[in-house]
Structure formats: C-alpha cells, structure tokens
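Everything below concerns the one structure shown next.
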Amino acid sequence: MSSAQTPSLPPVERRPYTRAAQLPDIMRERIVVLDGAMGTMIQRYKLGEGDYRGSRFAEHHKDLKGNNELLQLTKPEVIREIHEQYLAAGADLIETNTFGATTVAQEDYDLPELAYEMNVAAARLARECCDKYSTPDKPRFVAGAIGPTPRTASISPDVNDPGARNIDFDTLRAAYYDQAKALLEGGADVLLVETIFDTLNAKAAIFAIDELFEDTGERLPIIISGTVTDASGRILSGQTVSAFWHSVRHAHPLAIGLNCALGATLMRPYIEELTKIAGDTFVSCYPNAGLPNPMSDTGFDETPAVTGAHVEDFAKAGFLNIAGGCCGTTPDHIAEIAKRVSAYKPRCLHGGTQGFLSALQA
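Going by my numbering, the first residue of the sequence shown is number 968, and it counts up by one from there.
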C-alpha cells in the first residue's frame, strides 16, 4: 500500500483534567512562576542528625542527615515555612518535598516502607500552603515532584560490564506508581517528572502515571523536565534534547522543559531548541543559579539579580511558559524572576496540542 493509501489513525481520546483544569488557560495569559530550590533552603536551617531523626527515628540504625524527604515527618514546620516563603515571593506552582521520596531512593536509608507516607504528608503540607495563599486572581498549585531516583535503567554502574544494571523497568514503574498515587492522595494538582538524566527512567514514570490515571479516573497535568549534563547538549543517557522530546511526547505533557545542570547561560541553546521542536506544547525552564561555588552562601554563583536577568532574557526571546529556579535559588531569586518575567507575554503554542488543550477544557 502506498503512503497515499495508508489510512490515517483516529486521534487518541484524552480525558479532561480533573485537577488544575484552569492552568492551561492561565499559561496562555502569562508566564507561570515555579518555586526554587528546596535543598538550598533546607541547608539554611543547619539541621543536625537529631533534627532529621526526631523522636520517631531516634533508634534508626543508619545516619539520616541529608534525607530531606524525612523532614515532612520530623520537621514539618521547616518545610511549611519554605513553601510559604516561595509563595510570598510570587510562585504560582510549588513543588512537594518529594524528589527522593521513592522506595528506590529511600533504600539508601533503609526506609523504603516510608515512601508512601512521605509523599502523602508532603503533598498535604504543600496543599495547605497553596490554599492559604490562593486568591481568585492568583490560584496556587501543588506540583508533585517525582525525581529520577539514584539508579539508572540505561547505564551500567560497572565500567567493566556494559550490560550490567542495578534496576529494571518494572521496579521503577512500581516505585513511581506508589509515589504518584500518594501525591494524588495528598492533594497534588500537577505531577512533575523532573531532572531526567535517563529517559528510560522517565518512561517508567510516565507508564506508571498512565496506569494510575486509568485506575483512579483522575487526570492531572504532567510536566516533564530533563537535565542536560554537559556542553554536549545531551542528557546523561546520551539523548539530544530533540531525541528526548520525541521519546516522551506520547505522554501529552502540559509542558516540556529543562532544569538544573548548567545554569541559564549554558542552557539557553537547548531551551531555544525545545521551543522550536515542541511547538505544540508549553515550555518550562528552571535553571540552577549558575555553576557550583562552595564559597557562596547558596553553593552557587549567581545572585537573584543575575539569575533573574538570564531568565528575563528567555522570556523576552519568547521561550517561556513556566519559569522558576533549581539548585542554589532562593525566594529572593524567585521574587526577582517573577518580577522580571511579568513584563513579557508567554510563548504561543502552535500545532496539534493547542487543539488538544482546548478540548480538555470543553
């Protein structure tokens, strides 16, 4: 059969969003602001081992300092205060403190059984904060943060055995399913699959989220954000930005973007590329505050004014629908970003997803 005779496939039927249904319309009107770094802010509290343990985990056999996701159980007031600082700075979307709250990541602390509880507690905390700051003119949304896990499905951990793997797809899928389900239970509006360095890990998360939506009847907006690890323009598992997009676009994300890694200056050509190839999907960007600098207060070079100017450049160039900050950014960085991007119109969509997003609101 010739290509001219090949029948076209019917469009995939997509259910409307059951949460954050107004978010696509808001993103057409203005650039939406995401919060900044959770880890950077936690470091400012100079918490010790006892703070992480609390009374509940006083006898745990492993050190727990650095397990930031445990803090919603032992120091919820710290996480609440950080969320509220970002909301006061102007964030529309705040991320739950769940970057490492999977059974896979929590195995490092011998606490995998706590992953579900961590996610529910984190989402409830963020929900309370968003509800406190929401107004009719400026609703606030909880983004359930789903990190990459410390293991990779595509890359061997053993330089002498290229075929070796320390995790498989099904294990990742199950871990992500439980995490997404708990975030849903806790009140998340959006699911954010972020800091993707291995597309196969991301595919496991996407598969799990689709399963969850089928099982629950819920449908939340999904934001997918990769990270370019060096000046080659590739994520760690080897894909270019273009290849990465084409690998995940079947998920029909509300937004595709980049975060972390290089900082805004070195990230610019890759965000620009995304705006061209993902013309029918919103674009997000939340860079680090430059490159790491252990002598800095935040551990990164850039002041709020510098990071704000870089992100403003992206907005002025028409690249952005969502802007925020990653490692090294603080509420001051987010306030500066919010002020600067407010002067610019959001990037316009063109192509198939424009109709898709309109249909979701019908």
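Backbone N, C-alpha and C define an ideal beta-carbon position, used for all residues, glycine too.
These numbers were taken from a predicted model, which means no experiment stands behind them.
What is the DSSP secondary structure of residue i, reduced to helix, strand or coil?
i, result
"residue 1049", "helix"
"residue 1309", "coil"
"residue 1259", "strand"
"residue 1327", "Caution applies to residue 1327, whose pLDDT of 45 falls short of 50 and renders its modelled position unreliable; the value that the coordinates give is listed next. Reduced to three states, the DSSP call for residue 1327 is helix."
"residue 970", "Reliability fails at residue 970, whose pLDDT of 42 lies under 50, so the model's placement of it is uncertain and no value is given."
"residue 1110", "strand"
"residue 976", "For residue 976, the predicted model reports a pLDDT of 39, less than 50, meaning its position is unreliable and no value from the coordinates is stated."
"residue 1211", "helix"
"residue 1095", "helix"
"residue 1078", "coil"
"residue 1286", "coil"
"residue 999", "strand"
Around the Cβ of residue i, are there at least 16 other Cβ atoms within 10 angstroms (buried) or fewer (exposed)?
i, result
"residue 989", "exposed"
"residue 1008", "buried"
"residue 1063", "buried"
"residue 1103", "exposed"
"residue 1193", "buried"
"residue 1198", "exposed"
"residue 987", "buried"
"residue 1011", "exposed"
"residue 1262", "exposed"
"residue 1098", "exposed"
"residue 1127", "exposed"
"residue 1114", "buried"
"residue 1048", "exposed"
"residue 982", "exposed"
"residue 976", "Residue confidence is low: residue 976 scores 39 on pLDDT, short of 50, so the model does not pin down where it sits. Its coordinate-derived value is still stated next. It counts as exposed."
"residue 1214", "buried"
"residue 1050", "buried"
"residue 1169", "buried"
"residue 1125", "exposed"
"residue 1016", "exposed"
"residue 1277", "buried"
"residue 1025", "exposed"
"residue 1055", "exposed"
"residue 1251", "buried"
"residue 1210", "exposed"
"residue 1059", "buried"
"residue 1309", "exposed"
"residue 1236", "exposed"
"residue 1315", "exposed"
"residue 1264", "exposed"
"residue 1002", "buried"
"residue 1077", "exposed"
"residue 1165", "buried"
Give a single yes or no on whether residue i has its beta carbon closer than 6 Å to a heavy atom of the ligand SAH.
i, result
"residue 1183", "Ligands displayed in this structure: none; no statement on the ligand SAH is therefore possible."
Just checking my contact of residue i with residue j at CB under 8 Å: how many whole Å lie between their CB atoms?
i, j, result
"residue 1195", "residue 1234", "7 Å"
"residue 1257", "residue 1295", "7 Å"
"residue 1000", "residue 1190", "That belief does not hold up - the Cβ atoms of residue 1000 and residue 1190 are roughly 13 Å apart, past 8 Å."
"residue 1298", "residue 1053", "5 Å"
"residue 1162", "residue 1227", "5 Å"
"residue 998", "residue 1253", "The Cβ separation is near 12 Å, so there is no contact."
"residue 1123", "residue 1129", "5 Å"
"residue 985", "residue 1181", "No, residue 985 and residue 1181 are not in contact; Cβ-Cβ is about 13 Å, not under 8 Å."
"residue 1345", "residue 1100", "Because residue 1345 is not part of the residues shown, which for the chain are 968 to 1329, the question remains open."
"residue 1187", "residue 1155", "7 Å"
"residue 946", "residue 1110", "Residue 946 lies beyond the residue range present for the chain, which begins at 968 and ends at 1329; the question has no answer from this structure."
"residue 1057", "residue 1305", "3 Å"
"residue 1303", "residue 1275", "3 Å"
Along the chain, which unbroken stretches of the beta strand (DSSP E) at least 3 residues long are found entirely within the segment 1220–1259? Taken in chain order, the whole beta strand (DSSP E) runs of length 3 or more contained in the segment 1220–1259 are 1222–1227 and 1249–1254.
I'd like the ranges of any alpha helix (DSSP H) spanning at least 4 consecutive residues and lying wholly in the segment 1006–1068. As far as the segment 1006–1068 is concerned, its whole alpha helix (DSSP H) runs of at least 4 residues are 1016–1020, 1038–1041 and 1043–1055.
Assess, as a yes-or-no matter, whether the segment 1078–1087 is touched by the segment 1141–1148 under the definition of 3 or more beta carbon pairs within less than 8 Å. Contact between the segment 1141–1148 and the segment 1078–1087 is present, because at least three Cβ pairs lie under 8 Å.
At least 3 beta-carbon pairs within less than 8 Å: the segment 1270–1289 vs the segment 985–1000: As far as the Cβ criterion goes, the segment 1270–1289 touches the segment 985–1000, which means the pair count is three or higher.
Just to confirm the assignment: which complete alpha helix (DSSP H) runs, minimum length 4, are found wholly within the segment 1135–1201? Runs of the alpha helix (DSSP H) lying entirely within the segment 1135–1201 and spanning at least 4 residues, in chain order: 1136–1153 and 1166–1183.
Would you check if the segment 1052–1069 and the segment 1120–1136 touch, i.e. whether three or more CB-CB distances between them fall below 8 Å? No: fewer than three Cβ pairs fall under 8 Å.
Determine, using beta-carbon pairs with one atom in the segment 1016–1023 and one in the segment 1263–1271, whether at least three such pairs fall under 8 Å. Under the 8 Å Cβ criterion, the segment 1016–1023 does not count as touching the segment 1263–1271, having fewer than three qualifying pairs.
Inter-stretch contact at 8 Å, needing at least 3 Cβ pairs: the segment 1085–1094 / the segment 1034–1051: Between the segment 1085–1094 and the segment 1034–1051 there are three or more C-beta pairs closer than 8 Å, enough to call the two in contact.
Inter-stretch contact at 8 Å, needing at least 3 Cβ pairs: the segment 1171–1187 / the segment 1205–1212: Segments in contact, no.
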